[in-house]
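K.L.:
Following the working numbering, the residues of the sequence shown are numbered contiguously, the last one being 645. All C-beta atoms, glycine included, are put in the ideal place defined by N, C-alpha and C. Keep in mind that this is a model prediction, so the values were computed, not measured.
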Amino acid sequence: MALVDDTLTDEPGFRMSEATAGDFFALLKPRVMSLVVFTAFVGLVAAPVTINPLLAVIAILAIAIGAGASGALNMWYDADIDAVMTRTAGRPVPAGRIRPGEALSFGLVLSVLSVMTLGVLVNWLSATLLAFTIFFYAVVYTMWLKRWTPQNIVIGGAAGAIPPVIGWAAVTGTVSLESAVLFLIIFLWTPPHFWALALFKSEDYARAGIPMMPNVAGQASTRRQIFAYALILAPVGVLPWALGFTTPAYGVFAVLLGAGFVWYAWKVLQMADDDHVMKPAKALFGYSLLYLFAIFAIYLADCVVARVLAMGGA
C-alpha cells in the first residue's frame, strides 16, 4: 500500500492509497509490455554475437520496466480522455483506484531505474535508445501527437518499433541494418493495426476528442490507407530473407503471412461506410496481432536453428 501526499488529495495529512498491486501492474500496460519484451528478445537473440546470460536477463528486464514506465506515464497524462472511452474507463487512474500523482511518480521512478540499470550493467547505447523510447512515447506521442494530428499513430509508432533495436544494441553495442529492418516491420505494421481498431472504436475516439484517422479523414480514406500500408508491409516483411539475414524457410512464411495481411486489408477496403458491425476491421485487428507475433517468432526460430546447425557443423 502506498502513502499519498496531501498535495494529491483534498484531505489533510497522509492517508493510505486504496490501490492494489494489481492496479499498479495494470499501469504498466502488460499486454503492450509483453509485445515489447518479445520483440526486444528477438533482437537480442538474433544479434550475431553472444551475451552473458545474466546480462541478457538484466537487459530484457530493464526494457520491460522501461516499457511499463511508458505505460504508466501515458495513463497518468491520458486520464481525462481515458475516462470517457469505454475501452479505457476501467483503467486504474480514471477509475479512481490510483491517483494521478501516484501514477506519475511510479512512471518516473521506473523510467530512471530502467535506463540506469541498462546503462550501468549492459551498455549506454541501449540505455540511450531506451531513454529515447520512453521520452518519445510519453512526451512526443502522448502529450503532443495523440491529440494534435491524425498521423499520431504513424509518427508515434516509432516508439513501439525500437525495442528490437534496443535488444540488438544491448548485445552488440551497435545499430545495424538487420535491426533497422525489424524496426521497419513494426513501424509499418502499426498504422493498419491501430486504424483497424479506430474504425470500430471511432465513437470512443470522437467522445475523447482524439483525431484518429476515421474521425478526421473518414472511413473510406482510412480503409484505403490501411490497404496501402498492407501492400507496403507485405514485401518489407520478406526483407530479412531477401537481404540474406534468414533462410528461405523464413521467406516462405513471411510471404504467406504478408499475403494474409493484404487479404484482410482488402476485405476492410470493401467495407461499406454504413457497416456498423465492422467484422472485417475486427478481423484485421486480430490478424495483425497474429502477424506481428508470427513474423518475429519465425525470425527468431530461423536464427536459432541456423546458429545450432552452424555449431554442429563446426
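Out of 582, 556, 350, 362, state which residue places its alpha-carbon closest to the alpha-carbon of residue 485.
P.N.:
Measuring from the Cα of residue 485, the nearest candidate turns out to be 556.
K.L.:
Looking only at C-alpha atoms, which of 527, 550, 359, 427 sits nearest to residue 438?
P.N.:
Out of 527, 550, 359, 427, 359 has the C-alpha closest to the C-alpha of residue 438.
K.L.:
Quick check on residue 524: buried or exposed, where buried means 16 or more other Cβ atoms within 10 Å of its Cβ?
P.N.:
Buried.
K.L.:
What is the DSSP secondary structure of residue 429, counted as helix, strand or coil?
P.N.:
Of the three classes helix, strand and coil, the one that applies to residue 429 here is coil, per DSSP.
K.L.:
In terms of alpha-carbon separation, which member of 424, 492, 516, 539 lies closest to residue 463?
P.N.:
Comparing Cα positions, the closest option is 492.
K.L.:
Is residue 582 helix, strand or coil by DSSP?
P.N.:
Note: residue 582 maps to helix in three-state DSSP.
K.L.:
Report the three-state DSSP secondary structure of residue 381 (helix, strand or coil).
P.N.:
In this structure, residue 381 counts as coil in the three-state DSSP scheme.
K.L.:
Report buried or exposed for residue 604, applying the criterion of at least 16 other Cβ atoms within 10 angstroms of its Cβ.
P.N.:
Burial call: exposed.
K.L.:
Figure out for me which residue from 440, 487, 581 has the closest Cα to the Cα of residue 520.
P.N.:
Nearest of 440, 487, 581 to residue 520, Cα basis: 487.
K.L.:
Taking buried to mean at least 16 other C-beta atoms within 10 Å of its own C-beta, is residue 353 buried or exposed?
P.N.:
Exposed is the call here.
K.L.:
What first and last residue would you give for the alpha helix (DSSP H) that runs through residue 482?
P.N.:
Note, residue 482: premise wrong, no alpha helix (DSSP H); not H, not E.
K.L.:
Evaluate contact between the region 376-388 and the region 435-450, counting only Cβ atoms and requiring at least three cross-stretch pairs below 8 Å.
P.N.:
With a cut-off of 8 Å, the region 435-450 and the region 376-388 do not count as touching, because too few Cβ pairs lie within range.
K.L.:
Output yes or no for whether 8 Å exceeds the beta carbon distance between residue 415 and residue 561.
P.N.:
For residue 415 and residue 561, no; Cβs fall outside 8 Å.
K.L.:
Between residue 429 and chain B, is the shortest Cβ-Cβ distance under 8 Å, so that the two count as touching?
P.N.:
Note that chain B does not occur in the displayed structure, where there is just one protein chain.
K.L.:
Nearest CA to the CA of residue 350: which residue from 362, 402, 390, 432?
P.N.:
The shortest Cα separation from residue 350 among 362, 402, 390, 432 belongs to 432.
K.L.:
How would you label residue 594, buried or exposed, when you count the other beta carbons within 10 angstroms and need 16 or more for buried?
P.N.:
The residue is exposed, with fewer than 16 neighbouring Cβ atoms inside 10 Å.
K.L.:
In angstroms, rounded to a whole number, what distance separates the CA positions of residue 635 and residue 445?
P.N.:
Distance between the alpha carbons of residue 635 and residue 445: 28 Å.
K.L.:
Nearest-angstrom Cα distance between residue 623 and residue 517?
P.N.:
So the two alpha carbons sit approximately 7 Å from each other.
K.L.:
Sort 367, 383, 637 by Cα distance to residue 399 and report the nearest one.
P.N.:
Comparing Cα-Cα distances from residue 399 to each of 367, 383, 637, the minimum goes to 367.
K.L.:
Within the same chain, show all residues whose beta-carbon is closer than 7 Å to that of residue 411, passing over the 5 residues directly before and after it, in chain order.
P.N.:
Answer for residue 411: no residue qualifies.
K.L.:
Below 8 Å CB to CB, which residues in the same chain sit around residue 546 once its five sequence neighbours on both sides are set aside?
P.N.:
Result list for residue 546: 481, 529, 533, 536, 537, in chain order.
K.L.:
Please specify which runs of the alpha helix (DSSP H), each continuous and at least 4 residues long, are wholly inside the region 429-463, giving them in chain order.
P.N.:
431-452, all fully within the region 429-463.
K.L.:
Counting C-beta neighbours from all protein chains within 10 Å, is the total for residue 418 16 or more, i.e. buried, or is it exposed?
P.N.:
Answer is exposed; the Cβ neighbour count stays below 16.
K.L.:
Excluding five sequence neighbours on each side, which residues of the same chain lie with their C-beta closer than 8 Å to the C-beta of residue 598?
P.N.:
The answer, listed in chain order, is 611, 614, 615.
K.L.:
Measuring CB to CB, does residue 558 end up less than 8 Å from residue 513?
P.N.:
No, the Cβ-Cβ distance between residue 558 and residue 513 is not below 8 Å.
K.L.:
Under a three-way DSSP split, which group does residue 610 fall into?
P.N.:
Correct three-state label for residue 610: helix.
K.L.:
Work out the CA separation of residue 483 and residue 542 for me, nearest whole Å.
P.N.:
Cα to Cα, residue 542 sits roughly 8 Å from residue 483.
K.L.:
Would the region 456-473 and the region 403-410 be scored as touching if the rule is three or more Cβ pairs under 8 Å?
P.N.:
Enough Cβ pairs lie closer than 8 Å, so yes.
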